[in-house]
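Written out below as structure tokens is the structure these notes cover.
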Amino acid sequence: MFDSLSEKLESVFKKLRGQGVMTEDNIKEALREVRLALLEADVNFKVVKDFVENVRGKAVGSEVLQSLSPGQQVVRIVHDELVAVMGGHEDNSLDLAAKPPVAIMMVGLQGAGKTTTCGKLGRHLKGLKRRPLLVPADVYRPAAIEQLKTVGRQLGLEVFNSSADQKPVDICTAAMKFAELNGYDTVILDTAGRHQIDDYLMNELAEINTVVQPLEILFVADAMTGQEAVNVASGFNDKLAITGVVLTKLDGDAKGGAALSIKAVTGKPIKFVGLGEKLDALEVFHADRLVSRILGMGDVLTLVEKAQSVFDEKEAARLQQKLKKNQFDLEDFLAQLQQIKKMGSLESIMGMIPGMGKMMKQMKGAQPSENEIKRIEAIIRSMTPGERANHSIINGSRRLRIAKGSGTSVQEINQLLKRFSEAQKVVKQLQKLGPKGLLKGMGGLGKGMPFG
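And the structure:
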């Protein structure tokens, strides 16, 4: 979503870093380009104006102009101001500190991804050792109730039984009583949306708000709609006093102006962001981490958190021992591919590593694609357990069978086995060199990997 903005800001920063001496004119020209880049990204005009003024006020000070690296200082100021615009380091966690069951009311326009987000949020809360209940209270959209039930089944979450002939406020009231009697501590209300704000919708939501008194009212906004999402959020906030925002479809190819504007315009924090259609693609929002991604600085903290959530410590220790003994086989490699896939798309993972986002653009088609990984999985799955454990036994007839079973060619089987053998040799050589040699040689390891 932020690729275009990132490229333009990187171009501005490159010019700034190249300046031997920084003057007010240099900064003025740079900020003019930053302003244009933000406006082209569909950031709210007033937000851009205030942002540029704040940066200018801090950047033209003598402390910056006379520093040894003035360009880098300006970049730091831009980074800090962008973080401030998006909410800074304030606590944007959910307010669940009340006698259970605690109600979370999800509101927004139709098509923003509200129902799927209810499921994602339920999964998130389940991971926090809470016991959520999903409540389908949208009686207008065809199959909306059934959709939430399907999402609940996929995630192993309880869904309250409602029907389209009931009143939404009655559904929500009954759900709260059901939750209290059956030990559910969090109730997630999936309310109806419209294609636009109307009085009937708002009155209905206001009635639910009055009767249920949710601790959180989260506005679900489609990031792809740009400034329209900000305007609609303001409308909902005026009527319902929302407590936070969930931005969906942040993995799309829109300009990203909503993410950079919505906090400044509504005054309400972004609490979560949706980064894909998969039911695990919901992240707690951290302004500083998103800004680091936008500015090409990566997001190591989120990467570490993702890795910790999917990698098993015992499994990691077992693999470490196998690597030491040079016993890492294709079965282990397949398991690692599965773990990496759980962390998200390769593109999103690489984008979290400082400098890798820019490098991937320069490499263009050279980096491994999702389809290539699927091919490797199909090839390995078409092997017998014995072949995965000892790939040296895979002769010509076995390769032909594996190619037919995986829908690939013998040439692709040969290529995978050759690269895997090369990777094993590299690991063996590095083990002989010890820890220092291992670290030194890590840079060349990727060349020998099966998809390198």
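So for the sequence shown, UniProt numbering puts the first residue at 1; every next one is plus one. Each residue gets a CB set at the ideal place from its N, CA and C atoms; glycine is no exception. Quick caveat, the model's predicted, so the values are computed rather than measured.
Rounded to the nearest whole angstrom, the CA to CA distance from Lys-149 to Val-159 is 6 Å. Residue range 216–222 is occupied by the beta strand (DSSP E) that includes Ile-217. Distances from the CA of Glu-204 to each of Asp-138, Ala-164, Asn-182, Lys-263 were compared; the closest alpha carbon is that of Asp-138.
Counting along the chain, Met-176 sits inside no beta strand (DSSP E); it lies in the alpha helix (DSSP H) bounded by residues 168–182. With respect to the C-alpha of Cys-118, the residue from Gly-274, Pro-100, Asp-50 having the closest C-alpha is Gly-274.
With contact defined as three or more Cβ pairs closer than 8 Å, the segment 45–57 and the segment 81–92 are in contact. Residue burial annotation: Arg-153 is exposed, with fewer than 16 other C-beta atoms found within 10 angstroms of its C-beta.
Each of Glu-372, Ser-11, Asp-91 was checked against the Cα of Val-75, and the nearest Cα belongs to Ser-11. A direct Cα-Cα distance of roughly 45 Å separates Lys-28 from Gly-193. Its chain contains Ala-378, Ile-379, Ser-382 as the residues whose beta carbon lies nearer than 6 Å to that of Ser-406, once the 5 sequence neighbours on both sides are disregarded; these appear in chain order.
In the pairwise beta carbon analysis, the segment 259–269 is classified as touching the segment 229–242: at least three pairs are separated by under 8 Å. Val-284: member of the beta strand (DSSP E) spanning 282–284, first to last residue.
Distance from Thr-248 to Ala-223 at the Cβ level is roughly 6 Å; contact confirmed, criterion being Cβ atoms closer than 8 Å.
Restricted to the segment 23–56, the alpha helix (DSSP H) segments that are unbroken, complete and at least 4 residues in length are 24–40, listed in chain order.
Sixteen is the threshold: since fewer than 16 other Cβ atoms of the shown chains lie within 10 Å of the Cβ of Gln-327, the residue is exposed.
Only buried fits Asn-44, as 16 or more other CB atoms lie within 10 angstroms of its CB. Under the three-state reduction of DSSP output, Phe-420 falls in the helix class.
Contact between Ala-30 and Leu-16 holds: their C-beta atoms lie close to 5 Å from each other, under 8 Å.
Counting only residues of its own chain and dropping the five nearest sequence neighbours on each side, Ser-261 has a CB closer than 6 Å to the CB of Val-43, Asn-44, Val-47, Val-230.
Distance from Gly-122 to Leu-155 at the Cβ level is roughly 6 Å; contact confirmed, criterion being Cβ atoms closer than 8 Å.
In the structure shown, the three-state DSSP call for Glu-158 is strand. Collapsing the DSSP output to three states places Asp-332 in a helix. The beta carbon of Arg-131 lies closer than 6 Å to those of Tyr-184, Asp-185 in the same chain, with the five residues before and after it left out.
Sequence-distant Cβ neighbours of Leu-417 in its own chain, meaning closer than 6 Å and more than five residues away, are His-391. In this structure, the beta-carbon distance from Pro-214 to Ala-103 falls below 7 Å.
For Thr-186, the beta-bridge partners assigned by DSSP are Val-102, Pro-132. In the DSSP annotation of this structure, Ile-197 is not part of any alpha helix (DSSP H), being labelled neither H nor E. Here Ile-413 has Ile-379, Arg-399, Ile-402, Ala-403 as same chain residues with Cβ atoms under 7 Å from its own Cβ, once five neighbours each way along the sequence are excluded. Taking a contact as a CB-CB distance under 8 Å, the pair Leu-134 and Asp-190 counts as one, their CB atoms being some 7 Å apart. Here Lys-167 is exposed, its C-beta having fewer than 16 other C-beta atoms within 10 Å. Straight-line measurement puts the Cα of Ile-171 at about 15 Å from the Cα of Leu-181. Membership of Ile-270 in the beta strand (DSSP E) is indicated by the continuous run 270–274. Ala-98 is classed as exposed because its beta carbon has fewer than 16 other beta carbons within 10 Å across all chains shown. Taking the Cβ atoms as the reference, Met-176 lies roughly 6 Å from Val-187, within the contact range of under 8 Å.
Rounded to the nearest whole angstrom, the C-alpha separation of Tyr-140 and Ser-163 is 10 Å.
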